[in-house]
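Student: Sequence positions in the sequence shown follow my numbering and run 8 to 287. Glycine included, each C-beta is placed from N, C-alpha and C at the ideal position.
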Amino acid sequence: MNILLTGATGKVGRHVTEGLVASGHQVRALTRSPRDAALPAGVEVVRGDLEDPGTVQAALEGIDRMYLFPVPETAQEVAALARKAGVGRIVVLSSSSVLEDESNPSHRHHRAVERAVEDSGAEWTFVRPDEFAGNAVWKWGDSIRTEGVVRAPYGQAARAVVHEADIAAVVVAALLEDAHAGESYLVTGPQALTQVEQVRAVSRAIGREIRFEELDREAGRAAMSAAMPPEVVEMLLDYLAESAVTPGPVSDAVRRVTGREARTFASWAAEHADLFSSTV
8 MNILLTGATG KVGRHVTEGL VASGHQVRAL TRSPRDAALP AGVEVVRGDL
58 EDPGTVQAAL EGIDRMYLFP VPETAQEVAA LARKAGVGRI VVLSSSSVLE
108 DESNPSHRHH RAVERAVEDS GAEWTFVRPD EFAGNAVWKW GDSIRTEGVV
158 RAPYGQAARA VVHEADIAAV VVAALLEDAH AGESYLVTGP QALTQVEQVR
208 AVSRAIGREI RFEELDREAG RAAMSAAMPP EVVEMLLDYL AESAVTPGPV
258 SDAVRRVTGR EARTFASWAA EHADLFSSTV
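1) Would you say Pro77 and Ser103 are within 9 Å of each other, going by their C-beta atoms?
2) Check whether the Cβ atoms of Val98 and Leu75 lie closer than 9 Å to each other.
3) Give me the Cα-Cα distance between Pro236 and Ala167, rounded to the nearest whole angstrom.
4) Considering just the uninterrupted stretch of the alpha helix (DSSP H) at Thr24, what are its terminal residues?
5) Use the C-beta contact count for Asp108: other C-beta atoms within 10 angstroms, 16 or more gives buried, fewer gives exposed.
6) For my contact list, Val34 and Leu12 are in at a C-beta cut-off of 8 Å; report their separation, rounded to the angstrom.
7) Excluding the five sequence neighbours on either side, which residues of its own chain have a C-beta within less than 6 Å of the C-beta of Val124, listed in chain order?
8) Give me the residue from Ala180, Ser150, His22 with the minimum Cα distance to Ser191.
9) Check whether the Cβ atoms of Trp275 and Ala140 lie closer than 9 Å to each other.
10) Between the beta-carbon of Arg269 and the beta-carbon of Asp126, is there less than 9 Å?
11) Cα separation between Thr38 and Gly69?
12) Taking 8 Å as the threshold, find out whether the stretch 192-200 comes into contact with the stretch 258-266 through three or more Cβ pairs.
13) How is Ile151 classed by DSSP in three states: helix, strand or coil?
14) On the DSSP bridge assignment, give the partners of Thr38 in chain order.
15) Assuming Ala175 and Val50 are in contact, meaning their beta carbons sit under 8 Å apart, how far apart are those beta carbons, in whole angstroms?
16) With 16 other CB atoms within 10 Å as the buried threshold, where does Pro256 fall?
17) Thinking C-alpha only, which one of Ala92, Gln83, Arg54 is nearest Asp71?
18) Does the Cβ of Val252 have 16 or more other Cβ atoms within 10 Å, making it buried, or fewer, making it exposed?
19) So if DSSP puts Ala65 in a beta bridge, which residue, or which two residues, is it bridged to?
20) Measure the alpha-carbon distance for Leu106 versus His114 and round it to whole angstroms.
21) Give the single residue among Pro160, Gly14, Ser101 whose Cα lies nearest to the Cα of Tyr246.
22) For Trp147 and Val169, I'd like the C-alpha separation in whole angstroms.
23) With Val144 and Ile217 assumed to form a contact (beta carbons below 8 Å), what rounded beta-carbon distance in angstroms separates them?
24) Quick check on the burial criterion: 16 or more other C-beta atoms within 10 angstroms. Buried or exposed for Ala208?
25) Between Gly14 and the rest of its own chain, which residues show a CB-CB distance below 6 Å, the 5 nearest in sequence each way excluded?
26) Between the alpha carbons of Glu220 and Leu46, how many angstroms are there, rounded?
27) Along the beta strand (DSSP E) that carries Ser191, what are the first and last residues, could you check?
28) Return the CA-CA distance between Gly189 and Val177, expressed in angstroms with no decimal places.
29) What residue from Gly266, Val206, Glu225, Ala186 has the CA that sits closest to Ala273's CA?
30) How many angstroms separate the CA atom of His279 from the CA atom of Asn142?
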């Protein structure tokens, strides 16, 4: 089987690539920077950019199935090109946000890609992860390394954050096994943990105390606005506020699809302790 991966150098895509190579299938990876891809031996790395569909067409030749990273602006054209090239199934990296209200910008972003693939006529599987465990690095990594502290609003907001390798395992199964055609999988970790509990898990992983300092909503907005546009900030604040009242869902999709239990956040933290470790 010949499989094309877009987003192969991403947090999920690298795990997908490794899983497919280990399974013995022919893998072609589309990337804007082939020289920097650093993908496993045996992967055919080709230049292309989902934001420029004309660069994708040649990469689709001879492809049976495809893993599609979500770029809504061009998804309609890319999916149509894939179907025209004979791609039989497209597995989409989507988001749990598609299960929320359409006012959520993340919902609109990911659902647009899903609709494009549905309209293409190809078989499809939608993999809808909740929050990535790896988000802890960009949210908290710097302040943990330099100050030994996390400052955030809604410390009791609880989500079943998911290990990126588990998302990838579901993607790999959906690419290789026919039983997953037409399925949509909400993919989460095994347990909803508050932000305070997640910080404790990182603290145990690095063997150093990390303080959690609760911010009120206004202070949280100010801190987040330095890195994100206003509508995204408000979406995330609302997401946290809701999760502080009602913990996020816990799905058994990893077990059902792969046959093994989802990895814990503690295991993710232990694997990535070096990303948080520094003398303060």
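Tutor: Looking at the atomic coordinates:
1) As a first step, residue 77 is located in the sequence shown; it is residue number 70 there, counting from the start. As a first step, residue 103 is located in the sequence shown; it is residue number 96 there, counting from the start. Cβ atoms of Pro77 and Ser103: not closer than 9 Å.
2) Start at 1 with the first residue of the sequence shown, and residue 98 comes out as number 91. Start at 1 with the first residue of the sequence shown, and residue 75 comes out as number 68. Yes. Within cutoff.
3) Taking the first residue of the sequence shown as position 1, residue 236 is located at position 229. Taking the first residue of the sequence shown as position 1, residue 167 is located at position 160. CA-CA distance, Pro236 to Ala167, rounds to 25 Å.
4) Here residue 24 refers to the residue found at position 17 of the sequence shown. Counting along the chain, the alpha helix (DSSP H) containing Thr24 begins and ends at 20-29.
5) On the sequence shown, position 101 is the one that residue 108 refers to. Label assigned to Asp108: exposed.
6) Here residue 34 corresponds to residue number 27 of the sequence shown, with the count starting at 1. Here residue 12 corresponds to residue number 5 of the sequence shown, with the count starting at 1. The pair is a contact, with the Cβ atoms about 6 Å apart (cut-off 8 Å).
7) Counting from one through the sequence shown, the residue named residue 124 turns up at place 117. These residues qualify, in order along the chain: Ala86, Ile97, Val99, Trp131.
8) Looking up residue 191 in the sequence shown gives position 184. Closest by alpha carbon: Ala180.
9) Position 268 of the sequence shown, counting from 1, holds the residue named residue 275. Position 133 of the sequence shown, counting from 1, holds the residue named residue 140. Yes, they are a contact pair.
10) Reading the sequence shown from its first residue, position 262 is the one you call residue 269. Reading the sequence shown from its first residue, position 119 is the one you call residue 126. The sequence shown places Ala at residue 269, rather than the Arg named in the question. It is not a contact, given that the beta carbons lie outside the stated cut-off.
11) Indexing the sequence shown from 1 puts residue 38 at position 31. Indexing the sequence shown from 1 puts residue 69 at position 62. Roughly 18 Å between the two C-alpha positions.
12) Short answer: they touch.
13) For this step, residue 151 is matched to residue 144 along the sequence shown. In the structure shown, Ile151 sits in a helix (DSSP, three-state: H, G or I).
14) Counted from its first residue, the sequence shown places residue 38 at position 31. Looking at the DSSP assignment, Thr38 forms a beta bridge with Arg54.
15) Position 168 of the sequence shown holds residue 175. Position 43 of the sequence shown holds residue 50. About 15 Å separates the two Cβ atoms, so there is no contact after all.
16) Start at 1 with the first residue of the sequence shown, and residue 256 comes out as number 249. It is exposed - the Cβ of Pro256 has fewer than 16 other Cβ atoms within 10 Å.
17) Position 64 of the sequence shown holds residue 71. Comparing Cα positions, the closest option is Ala92.
18) As a position in the sequence shown, residue 252 is number 245, starting the count at 1. Exposed, since its Cβ has fewer than 16 Cβ neighbours within 10 Å.
19) Translated into the one-based positions of the sequence shown, residue 65 becomes position 58. In DSSP, Ala65 forms no bridge with anything.
20) Here the question's residue 106 lines up with position 99 in the sequence shown. Here the question's residue 114 lines up with position 107 in the sequence shown. Straight-line Cα distance between these residues: approximately 7 Å.
21) Position 239 of the sequence shown, counted from the first residue, corresponds to residue 246. Sorting Pro160, Gly14, Ser101 by C-alpha distance to the C-alpha of Tyr246 places Pro160 at the top.
22) Locating residue 147 in the sequence shown gives position 140, where the first residue counts as 1. Locating residue 169 in the sequence shown gives position 162, where the first residue counts as 1. Rounded to the nearest whole angstrom, the C-alpha separation of Trp147 and Val169 is 17 Å.
23) Residue numbering aside, residue 144 sits at position 137 when the sequence shown is read from its first letter. Residue numbering aside, residue 217 sits at position 210 when the sequence shown is read from its first letter. Not quite, the Cβ-Cβ distance comes to about 14 Å (not below 8 Å), so this is no contact.
24) Within the sequence shown, residue 208 is the residue found at index 201, counting from 1. Burial call: buried.
25) Here residue 14 refers to the residue found at position 7 when the sequence shown is read from its first residue. Gly20, Phe76.
26) Within the sequence shown, residue 220 is the residue found at index 213, counting from 1. Within the sequence shown, residue 46 is the residue found at index 39, counting from 1. Cα to Cα, the separation comes out at about 39 Å.
27) Position 184 of the sequence shown, counting from 1, holds the residue named residue 191. Its beta strand (DSSP E) spans residues 191-194.
28) On the sequence shown, residue 189 is found 182 positions in, with the first residue counted as 1. On the sequence shown, residue 177 is found 170 positions in, with the first residue counted as 1. Each residue's Cα considered, the two are about 14 Å apart.
29) Taking the first residue of the sequence shown as 1, we reach residue 273 at position 266. Looking at the Cα atoms, Val206 is the closest of the given residues.
30) As a working mapping, residue 279 is identified with position 272 in the sequence shown. As a working mapping, residue 142 is identified with position 135 in the sequence shown. If I take the Cα positions, the gap works out to 12 Å.
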